[in-house]
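This report concerns only the one structure given below.
2 protein chains.
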Amino acid sequence: MALKKLGNQTVKFQNPPSIIATASIVGPVEGQGPLKDYFDLILSDFNFQEKTWEKAEKRMLKEAAEMAIKKSGVPGNQIEYFVAGDLLNQIISASFAARELGIPFLGIYGACSTMAEGLGLGAMLVDGGYADYLVVGTSSHFCSAERQYRFPLELGNQRPPTAQRTVTGAGAAVISSKNQNPRITYMTTGKVIDMGEVNPNDMGTAMAPAAVDTIVKHLEDSNRSPEDYDLIITGDLASVGKDIVERLLKEKGIDISDRYTDCGLLIYSPQQDVHAGGSGCACAAVVTLGYLFKEMQKGRYNRILVVATGALLSTTSVQQGETIPCIAHAVALENL
Amino acid sequence: MALKKLGNQTVKFQNPPSIIATASIVGPVEGQGPLKDYFDLILSDFNFQEKTWEKAEKRMLKEAAEMAIKKSGVPGNQIEYFVAGDLLNQIISASFAARELGIPFLGIYGACSTMAEGLGLGAMLVDGGYADYLVVGTSSHFCSAERQYRFPLELGNQRPPTAQRTVTGAGAAVISSKNQNPRITYMTTGKVIDMGEVNPNDMGTAMAPAAVDTIVKHLEDSNRSPEDYDLIITGDLASVGKDIVERLLKEKGIDISDRYTDCGLLIYSPQQDVHAGGSGCACAAVVTLGYLFKEMQKGRYNRILVVATGALLSTTSVQQGETIPCIAHAVALENL
Chain A
426 MALKKLGNQT VKFQNPPSII ATASIVGPVE GQGPLKDYFD LILSDFNFQE KTWEKAEKRM
486 LKEAAEMAIK KSGVPGNQIE YFVAGDLLNQ IISASFAARE LGIPFLGIYG ACSTMAEGLG
546 LGAMLVDGGY ADYLVVGTSS HFCSAERQYR FPLELGNQRP PTAQRTVTGA GAAVISSKNQ
606 NPRITYMTTG KVIDMGEVNP NDMGTAMAPA AVDTIVKHLE DSNRSPEDYD LIITGDLASV
666 GKDIVERLLK EKGIDISDRY TDCGLLIYSP QQDVHAGGSG CACAAVVTLG YLFKEMQKGR
726 YNRILVVATG ALLSTTSVQQ GETIPCIAHA VALENL
Chain B
426 MALKKLGNQT VKFQNPPSII ATASIVGPVE GQGPLKDYFD LILSDFNFQE KTWEKAEKRM
486 LKEAAEMAIK KSGVPGNQIE YFVAGDLLNQ IISASFAARE LGIPFLGIYG ACSTMAEGLG
546 LGAMLVDGGY ADYLVVGTSS HFCSAERQYR FPLELGNQRP PTAQRTVTGA GAAVISSKNQ
606 NPRITYMTTG KVIDMGEVNP NDMGTAMAPA AVDTIVKHLE DSNRSPEDYD LIITGDLASV
666 GKDIVERLLK EKGIDISDRY TDCGLLIYSP QQDVHAGGSG CACAAVVTLG YLFKEMQKGR
726 YNRILVVATG ALLSTTSVQQ GETIPCIAHA VALENL
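Keeping their order, the protein sequence lines are chains A and B. Each position in the first sequence, counted from 1, maps to that position plus 425 in the working numbering. Each position in the second sequence, counted from 1, maps to that position plus 425 in the working numbering.
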């Protein structure tokens, strides 16, 4: 059963659900990055033997879910929900993966915050008694995202230094009521924050205030300080956004700089020429479920606050002159 | 606390959450239909004083949520979640409404099944102890949907008789742990069902098997028969899909024909020349939260099974030769 005080944005789970297995699949560029040894499968190209990038993305998500379920040892027919979403219009990666998985499906959308939304909702469903086992997943694909949100890749457009690279990959986690580490102990649901940014080539700047808002709310609601965490990690603010988060928090008297990093900074090396860093739903997903999950199992980290950020714009909203609404959801992962 | 047997798709709520207030806004065509007296606001045009149809849609959703909250008597700052989604790419109606509402936001996507997904998830969040009050909402708009999914309206394309008209409207409901009728007593989460249909101008045929699958699962899991309900109503199958549901269920020995109808049939009159009937996220939303909610308050209906259906395609998936994956989520509404 949950404990949540009215007015708070944070749920503290009284029986913290466990992440009993994870899987991560990445594309060829991420497979040359510093975290390459943590991923379960590295694709040799962008197509994954499919005819289109969108179908390749769907296949990554489907196979990541299957892989996580297999690792969990839970028979597939005992997985009660597939909670998933992605960046493509009408979340077709998730919907078509759900078609092939045959698991009752709850579609979600939080742009690049989707993994945290999914982990938080998944934990609520397990802790609330609605499922003993469920799988959460998300995906993104550099090529399908570029052509949907920006330009056809064939144009070879130049990108400004503030731009980020959409991570090609998929991550999935099986959440269960089993007593096993690591656990999901808190979920802080974000509000939509929009500081008036309009540049879709600078998502880090747009999303940083949402991350700050959610981190501050999480610390207030949980009565915790940054020192209670071994690591605070945002989803995909990359180099530009990460600096803004540190500065805005310092202005509020909160210093997280000695234990703070960003998934979009970790996934690529500076030599990879990806501009500001990584982004996309898969960025927080594969870094959290590939790298951080394994380091928690080893005991290197015991308390992590994952703050996945999402820019909730569309090409239509940009064309109609709207600014970029952003959100950040936080989940605390702990070895108890 | 919930009661759910492993392997079932159905949750039975032990403390069934209440729908304490609803609001519905519709466009001018729906405002001439047979249910017009049940809606809170009928727009005189498609623009709602906004510059674009997309902004009008967002405004409908935002105002429906505000109206439902006001009717509930709950102070706005005590509403703990806004659970919402819509048909537009990246669910911008919901995200931009969330920006203006300032309520912690969980974005969902289930195409035209979104209202049932939201009511079910909302009920889980309340019953699970994560919120005392939350608001669920969804919207659709004929003009924004046509230009996103089909053709620019300016072309004046002819539509086949199997086509449905996307309902212009928005519906919202405040769900609470208060002891008050009507309640949400069951949620059956759908699987994605795809029988190989490819015609995006005949959604009823595509979605009917998903509705059948969920109705059968609901009756099995809950150990109920159709006679346990005063009314079984699908979301937006309209005339073509409704007949298929009746026939497919009869083949399985289940006769619901004396207590079955469809939101897409009720919202327009045959004289309105809308072809097969209504569709869109708002179809199930305004019929359920406008018409059915009020008839339940009057006691005309005491047990309704709402089975909202969604076609999870996108223009990209259609262009890439994919068939149409469909889903249906069911929620039981009861006066206890």
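The C-beta atom is built at its ideal place from N, Cα and C for all residues, glycine as well.
About 4 Å separates the CB atoms of A/Gly-532 and B/Tyr-534; that is less than 8 Å, so the two are in contact. Here B/Gly-735 is bridged, per DSSP, to B/Ile-752.
In this structure, A/Phe-576 lies away from A/Thr-591, with their beta-carbon atoms at least 8 Å apart. Interface with chain B (8 Å Cβ-Cβ cutoff): A/Leu-738 is included.
In the structure shown, A/Tyr-558 falls within a strand segment according to DSSP collapsed to helix, strand and coil. Against chain B, a Cβ distance below 8 Å from A/Ala-536 picks out Gln-515. According to DSSP, B/Ser-564 shares a beta bridge with B/Asp-511 and B/Ala-595.
Counting only runs of 3+ residues, the beta strand (DSSP E) found wholly inside the region 643-680 of chain B occupies 656-659, in chain order. At a C-beta separation below 7 Å, B/Pro-529 has these neighbours in chain A: Gln-434, Thr-614, Gly-615 and Lys-616. For B/Ser-449, the number of other beta carbons within 10 angstroms of its own is at least 16, and it is reported as buried.
For A/Leu-526, the enclosing alpha helix (DSSP H) stretches over residues 517-526. The beta-carbon of B/Arg-524 is placed less than 8 Å from the nearest beta-carbon of chain A. Rounded to the nearest whole angstrom, the C-alpha separation of A/Gly-715 and B/Pro-750 is 30 Å.
Within chain A, no C-beta atom comes less than 9 Å from the C-beta of B/Leu-486; the nearest is roughly 13 Å away. Think of a sphere of 7 Å around the beta carbon of A/Phe-473: no beta carbon from chain B falls inside it, the nearest being about 15 Å out. Beta-bridge annotation (DSSP): A/Gly-703 is paired with A/Arg-590.
The beta carbon of A/Asp-653 is closer than 7 Å to those of Arg-728 in its chain, skipping five residues each way along the sequence. Taking 8 Å as the CB threshold, B/Lys-603 stays off the interface with chain A. Between A/Met-549 and A/Met-492, the CB-CB gap reaches or exceeds 8 Å. For B/Val-623, the three-state secondary structure derived from DSSP is coil. In the displayed model, A/Val-436 falls within a strand according to three-state DSSP. Taking the Cα positions, B/Ala-570 is about 24 Å away from A/Ala-523. Within the same chain, Arg-684, Tyr-726, Asn-727, Arg-728 and Ile-729 come within 7 Å of B/Asp-655 by CB-CB distance, once the 5 residues on both sides are set aside. Taking the Cα positions, B/Ala-595 is about 46 Å away from A/Lys-461. Counting the other Cβ atoms within 10 Å of the Cβ of A/Asp-698 gives fewer than 16, which makes it exposed. Where A/Arg-484 is concerned, the enclosing alpha helix (DSSP H) starts and stops at 478-497. If you draw a straight line from the Cα of A/Phe-473 to the Cα of B/Glu-622, it comes to about 26 Å. Near chain A, meaning a CB-to-CB distance below 8 Å, the residues of the region 740-754 of chain B are Thr-740, Thr-741, Ser-742, Gln-745, Glu-747, Pro-750 and Ile-752. A straight line joining the alpha-carbon of B/Val-670 with that of B/Cys-688 spans about 14 Å.
Taking a beta-carbon distance threshold of 8 Å, B/Gly-510 counts as an interface residue toward chain A. In the DSSP assignment, A/Phe-530 is bridged to A/Phe-507.
In this structure the region 483-500 of chain B lies against the region 440-460 of chain B, because at least three pairs of beta carbons, one per stretch, are closer than 8 Å. The continuous beta strand (DSSP E) containing A/Asp-687 extends over residues 685-687. Legend: CB atoms of the region 643-657 of chain A lying less than 8 Å from CB atoms of chain B are not found in any residue.
Rounded to the nearest whole angstrom, the CA to CA distance from A/Leu-758 to A/Thr-563 is 18 Å. Sixteen is the threshold: since fewer than 16 other Cβ atoms of the shown chains lie within 10 Å of the Cβ of B/Asp-470, the residue is exposed.
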